[in-house]
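Undergrad: Okay, here's the structure, questions in a sec.
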Amino acid sequence: MAAENPADKQIKGEAFISLFMRLRAKGVEDSRLFSALEKTPRYYFVEAKYKNLTLANCVLPIECGEYIERLDEQLRIIQALRLEPKHRVLEVGTGSGFSAALMALLALRVTSLERYKTLCERARQNFLALGRGNIILRHADALQERQDSGPFDRIILWPAIEQEPRRFIDLLAGNGLLIAPIGAAEGEQMLICYHKTGSRFETSELFPVRYLPIVPGIAAML
26 MAAENPADKQ IKGEAFISLF MRLRAKGVED SRLFSALEKT PRYYFVEAKY
76 KNLTLANCVL PIECGEYIER LDEQLRIIQA LRLEPKHRVL EVGTGSGFSA
126 ALMALLALRV TSLERYKTLC ERARQNFLAL GRGNIILRHA DALQERQDSG
176 PFDRIILWPA IEQEPRRFID LLAGNGLLIA PIGAAEGEQM LICYHKTGSR
226 FETSELFPVR YLPIVPGIAA ML
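If you want the numbering used here, it's the 1-based position in the sequence shown plus 25.
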């Protein structure tokens, strides 16, 4: 990894203390998650002109018309997954790669799917720079994910889906968790947590979000 530059100070001093207090107020208290954040400089995953906003709670645009979610939301969702070192994780929507890089420090393995080749290549470079060798990054159509690719202990969908994500629920291992934003593409969706117990599952609501909808296929040009 390159030598530390001034932007590395994003996780130090007053900025990180402010972030810690802000997240504590929202119920984020997982010490392992904070440790992973310290080891995952978020500025790696945003455009240079937005580096001063890496710890801000705002949406940041990335390539291919996509964006990196609000930091507070990302961390609340990852905490809700209750990741353990033995867990195999499936992520739908690599995006910038920041969330996969975080989860890779909390789980055994992360398989991340992204429909944009450009985003895959950028994320792969960052994973290599950070030494996250337990991330399997695939340029793929998540809606055509093979049923034999699982099972996964945890699944996170970043794009919104209108109905119960049965295709992905079927990929869950016993006692697995899946979190997905459920609702129409326009407007607000609700983050739903699905907990698989035997052949049944229980659901619980987390909090409302506004995410882009899931899109079938692999991007032809980007």
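Every residue, glycine too, gets a C-beta built ideally from N, C-alpha and C.
Identify every residue that forms a DSSP beta bridge with Ala205.
TA: Paired residue(s): Ile217.
Undergrad: For His164, which residues from the same chain have a beta carbon less than 7 Å from its beta carbon, with the 5 sequence-adjacent residues on both sides left out?
TA: Around His164: Glu139, Lys142, Cys145, Ile243.
Undergrad: Where does Ile36 fall in DSSP's three states?
TA: Only weak support exists for where Ile36 lies, its pLDDT of 48 falling under 50; the value from the coordinates is given anyway. Three-state DSSP puts Ile36 in a helix.
Undergrad: Please report how far the alpha carbon of Ile93 lies from the alpha carbon of Gly223, in whole angstroms.
TA: Roughly 34 Å between the two C-alpha positions.
Undergrad: If we call anything under 8 Å between Cβ atoms a contact, is Arg113 one with Arg147?
TA: No, they are not a contact pair.
Undergrad: Might you give, ordered along the chain, the residues of its own chain that have their beta carbon closer than 6 Å to the beta carbon of Pro206, omitting 5 neighbours on each side?
TA: Answer for Pro206: Ala185, Gln214, Leu216, Val234, Tyr236, listed in chain order.
Undergrad: Expressed to the nearest angstrom, what Euclidean distance is found between the alpha-carbon atoms of Leu101 and Glu109?
TA: Checking the sequence shown, residue 101 turns out to be Arg, not Leu. Each residue's alpha carbon lies about 16 Å from the other.
Undergrad: Using beta-carbon positions only, say whether Ile204 and Lys221 come within less than 8 Å of one another.
TA: Cβ distance not < 8 Å, so Ile204 and Lys221 don't count as in contact.
Undergrad: Below 8 Å CB to CB, which residues in the same chain sit around Cys89 once its five sequence neighbours on both sides are set aside?
TA: Excluding positions up to five away in sequence, the list reads Tyr141, Thr143, Leu144, Ala244, Leu247.
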